[in-house]
Amino acid sequence: MRAAIRSGELETGFKLPPVRELAWQLGITPGTVARAYKLAAEEGLVSTGVGRGTFVAGQATPGFAVPDALINTVQPDAIDLRAARTPDVGQDAVIRQVMADLARGHTHSYLDYPNSETKHPARAAAAAWIGPDRVGRITPDDVVMGLGAQQTVIMALQTVLYGTTPVILTEELAYPGVRHAARLLRAQLIGVEMDADGIRPDRLEEALRRHGGQVLLLAAEVHSPTTTRTSLERRQQIAALARKYNLQIIEDDCHCITRPEDPALRALCPERAWYISSLTKSVSASLRFGYAVAPRGQADMARQVAQSSFYGLPQPVLDICAELLSSGEAERIRQKVERRVAEQVKGAVNALGKWDVSWRRDVPFVWLKLPQGWRGSSFASACEMEKIRIKAADEFALPDGAAPHAVRLALNANISAARYEGALARLSEMLARPPAAVDF
Numbered sequence: 000m001r002a003a004i005r006s007g008e009l010e011t012g013f014k015l016p017p018v019r020e021l022a023w024q025l026g027i028t029p030g031t032v033a034r035a036y037k038l039a040a041e042e043g044l045v046s047t048g049v050g051r052g053t054f055v056a057g058q059a060t061p062g063f064a065v066p067d068a069l070i071n072t073v074q075p076d077a078i079d080l081r082a083a084r085t086p087d088v089g090q091d092a093v094i095r096q097v098m099a100d101l102a103r104g105h106t107h108s109y110l111d112y113p114n115s116e117t118k119h120p121a122r123a124a125a126a127a128w129i130g131p132d133r134v135g136r137i138t139p140d141d142v143v144m145g146l147g148a149q150q151t152v153i154m155a156l157q158t159v160l161y162g163t164t165p166v167i168l169t170e171e172l173a174y175p176g177v178r179h180a181a182r183l184l185r186a187q188l189i190g191v192e193m194d195a196d197g198i199r200p201d202r203l204e205e206a207l208r209r210h211g212g213q214v215l216l217l218a219a220e221v222h223s224p225t226t227t228r229t230s231l232e233r234r235q236q237i238a239a240l241a242r243k244y245n246l247q248i249i250e251d252d253c254h255c256i257t258r259p260e261d262p263a264l265r266a267l268c269p270e271r272a273w274y275i276s277s278l279t280k281s282v283s284a285s286l287r288f289g290y291a292v293a294p295r296g297q298a299d300m301a302r303q304v305a306q307s308s309f310y311g312l313p314q315p316v317l318d319i320c321a322e323l324l325s326s327g328e329a330e331r332i333r334q335k336v337e338r339r340v341a342e343q344v345k346g347a348v349n350a351l352g353k354w355d356v357s358w359r360r361d362v363p364f365v366w367l368k369l370p371q372g373w374r375g376s377s378f379a380s381a382c383e384m385e386k387i388r389i390k391a392a393d394e395f396a397l398p399d400g401a402a403p404h405a406v407r408l409a410l411n412a413n414i415s416a417a418r419y420e421g422a423l424a425r426l427s428e429m430l431a432r433p434p435a436a437v438d439f
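Under numbering that gives the first Met the number 0, residues 0 to 439 are what the sequence shown spells out, in order.
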């Protein structure tokens with residue numbers, strides 16, 4: 000459709016078929032057609048109107064359509080298993096106590112802008128929290144802070160991308176924020192095929208030869224949505240290709256809540272790899288504290304980007320996070336979160352064990368491959384009718400990619416154990432009743 004519109008084969012003003020009619024003609028699902036129409040609208044290729052239909056637009060103005068929210072609200076009586084939220088392990092009281100202590104005893108003023116001196120304690124605490132075992136040699140000057148992992152990823156992309164149509168390579172299924180970031184930066188997004196061990200090096204090299212690429216954005220330790228972990232050998236192969244093709248790497252580690260044994264890519268190729276994470280999944284999402292360990296010699300460039308776009312994190316947030324990290328409270332919270340997540344994963348596996356579920360005890364979501372008769376979008380719709388919100392694989396597929404028949408279930412919805420177990424039981428019952436047997 001994109002090629003036909005850009006070539007003029009489909010002229011401006013041409014009315015496209017309704018979703019269900021085109022799906023029938025092509026032998027694909029209505030959800031796939033609806034997603035294609037939505038992406039075309041976001042690229043400015045088509046215009047839509049309630050009751051009017053979908054029409055080929057004039058000159059495309061990509062990037063101005065309003066995308067779906069990354070964090071959605073949910074009805075009070077619904078169960079939201081879409082976002083992997085930090086479980087409540089008592090951190091609210093700890094954070095409030097830190098805030099109270101800072102209010103009583105801190106020495107510097109909260110009237111002025113943050114500066115390098117007032118930011119240093121937070122950078123030093125973050126560097127110690129991450130540690131050299133994870134990212135190789137690290138100093139506080141290597142750390143650049145952002146407003147959560149998503150904004151920090153965008154900051155790193157702004158630092159490394161160049162040209163009128165920059166190219167980002169990423170996994171064939173990716174967290175929706177990757178698409179949002181690429182759209183914001185007017186970048187072309189190229190998916191790379193994966194297997195059970197992560198991105199395939201042969202497919203990565205093929206993509207580099209065909210499309211070029213300035214940066215590879217990936218989640219090597221915890222891939223969302225599949226829970227895949229990239230092995231050390233595979234990481235070493237990716238690092239070698241990055242050196243061969245002068246490719247920057249941005250590793251998003253935001254879903255990792257444990258202390259992995261294998262090094263991040265930044266430790267394997269410190270001259271070109273970025274390591275990005277946050278306290279969102281392991282401590283608290285409300286702090287919006289993200290951090291990047293920049294490649295050697297690139298931290299100052301990233302700080303310039305940060306200063307140009309948002310100047311820097313608020314000083315109270317810097318002080319709170321520095322105290323949580325340096326006092327050991329953040330680590331104690333992380334350990335409690337890890338134990339709670341393991342309990343929730345165990346409950347999910349017990350409830351859904353007869354189905355094809357990919358899981359890890361330290362990952363706050365599971366990847367459910369649907370049985371015959373179900374598609375991701377139709378199962379998500381059926382769940383919504385039961386007031387259970389989940390993410391279909393379609394939401395992780397890239398604009399030109401295919402979506403498998405699967406869904407992701409986030410497990411820490413911060414609801415009672417009874418509601419959580421009841422929701423999982425209902426999901427299992429629905430899986431046994433594909434659409435032909437479901438009474439809508």
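By construction, the Cβ of each residue, glycine as well, lies at the ideal position given by its N, Cα and C atoms.
To the nearest angstrom, report how far apart residue i and residue j are at their CA atoms.
i	j	result
Val142	Val362	25 Å
Glu330	Leu324	7 Å
Ala116	Arg136	It is Glu, not Ala, that sits at residue 116 in the sequence shown. Those two C-alpha atoms are separated by around 22 Å.
Ala173	Gly346	26 Å
Arg133	Arg265	8 Å
Leu351	Ala180	34 Å
Arg271	Gln213	11 Å
Ile198	Pro120	37 Å
Ala125	Gly176	23 Å
Glu205	Ala301	30 Å
Arg234	Pro131	17 Å
Val344	Glu8	51 Å
Leu15	Lys368	32 Å
Pro434	Gly372	7 Å
Ser108	Lys118	13 Å
Ile458	Asp194	Nothing can be reported for residue 458: it is not among the residues displayed for the chain, which extend from 0 to 439.
Ser6	Leu44	12 Å
Glu200	Arg287	For the sequence presented, residue 200 should be read as Pro rather than Glu. Taking the straight line from one Cα to the other gives about 34 Å.
Ile202	Glu192	The amino acid occupying residue 202 in the given sequence is Arg; Ile does not appear at that position. For Arg202 and Glu192, the distance between alpha carbons rounds to 6 Å.
Gln243	Phe13	First, the residue type needs correcting, since residue 243 is Lys and not Gln in the sequence shown. Those two C-alpha atoms are separated by around 46 Å.
Ile4	Tyr36	13 Å
Taking the DSSP output, what are the residues bridged to residue i?
i	result
Glu250	Leu217, Tyr274
Asp79	Arg388
Ile198	Met193
Gly289	Gly145, Ser277
Phe54	Lys14, Ser46
Lys368	Asp355, Ala405
Between the Cα of residue i and the Cα atoms of the options, which residue gives the shortest distance?
i	options	result
Leu183	Thr164, Ser325, Ala195, Ala396	Thr164
Ser376	Pro86, Leu367, Ala391	Ala391
Arg333	Trp128, Ala263, Arg51	Trp128
His404	Ala417, Phe378, Ile414	Phe378
Arg374	Phe364, Lys353, Ala402	Ala402
Pro309	Leu146, Val18, Lys118	The amino acid at residue 309 is misidentified as Pro; the sequence shows Phe. For Phe309, the nearest C-alpha among the options comes from Leu146.
Leu408	Glu394, Tyr112, Lys243	Glu394
Glu383	Ala396, Phe364, Gly400, Val406	Val406
Val221	Val32, Ala83, Ala125	Ala83
Pro224	Arg81, Lys118, Glu20	Arg81
Ala39	Ser6, Leu203, Met0, His107	Met0
Gly211	Leu160, Met193, Arg178	Leu160
Gly52	Ile27, Glu20, Gly26	Glu20
Ala381	Gly400, Ser357, Ser427	Ser427
Lys353	Cys268, Leu430, Gln303	Leu430
Ala148	Pro370, Ser281, Val191, Phe13	Ser281
Ala291	Tyr274, Thr279, Gln306	Tyr274
Thr11	Val55, Glu170, Trp23, Val18	Val55
Gly400	Glu170, Lys243, Gly311, Arg242	Glu170
Val336	Arg242, Val32, Trp23, Val88	Val88
Pro370	Ala396, Arg432, Leu397	Arg432
With a threshold of 7 Å on Cβ separation, who are the neighbours of residue i within its own chain once the five nearest residues in sequence on each side are excluded?
i	result
Gly62	Note that Gly62 scores a pLDDT of 45, beneath 50, so its modelled location is shaky; the value from the coordinates is reported in the next line. Excluding positions up to five away in sequence, the list reads Arg182, Arg185.
Thr283	The sequence as given places Ser at residue 283; Thr does not occur at that position. If we look at Ser283 and ignore the five residues flanking it on each side, its Cβ neighbours are Thr85, Gln90, Ile94.
Arg425	Glu385, Ile387
Arg34	Asp393
Looking only at its chain, what residues have a beta carbon closer than 8 Å to the beta carbon of residue i, apart from the 5 residues adjacent to it on each side?
i	result
Glu328	Val93, Val97, Glu322
Leu101	Pro315, Asp318, Ile319, Glu322
Ile78	Lys386, Ile387, Arg388, Ala412, Ile414, Arg418, Tyr419, Ala422
Thr229	Asp196, Gly197, Ile198, Leu217, Ala219, Glu220, His222, Ile237
Could you pull out every residue in the same chain whose Cβ sits closer than 6 Å to the Cβ of residue i, ignoring the five residues on either side in sequence?
i	result
Arg442	No answer is possible for residue 442: it lies beyond the span of the chain, which begins at 0 and ends at 439.
Arg122	Pro139, Val142
Gln157	Val304
Ala64	Unreliable placement is indicated for Ala64, whose pLDDT of 48 sits below 50; the coordinate value is still reported in the next sentence. Excluding positions up to five away in sequence, the list reads Ala40, Glu41.
Asp355	Lys368
Leu278	Leu286, Phe288
TODO: Report yes or no: do the stretch 146-154 and the stretch 237-253 share at least 3 C-beta pairs separated by less than 8 Å?
DONE: yes
Task: Meets three-Cβ-pair contact criterion under 8 Å: the stretch 293-307 and the stretch 337-344 - done: no
Open item on the list: Pairs of beta-carbons, one from the stretch 186-196 and one from the stretch 259-266, closer than 8 Å: are there three or more?
Closed with: no
Task: Three or more C-beta pairs below 8 Å linking the stretch 201-217 and the stretch 234-248 - done: yes
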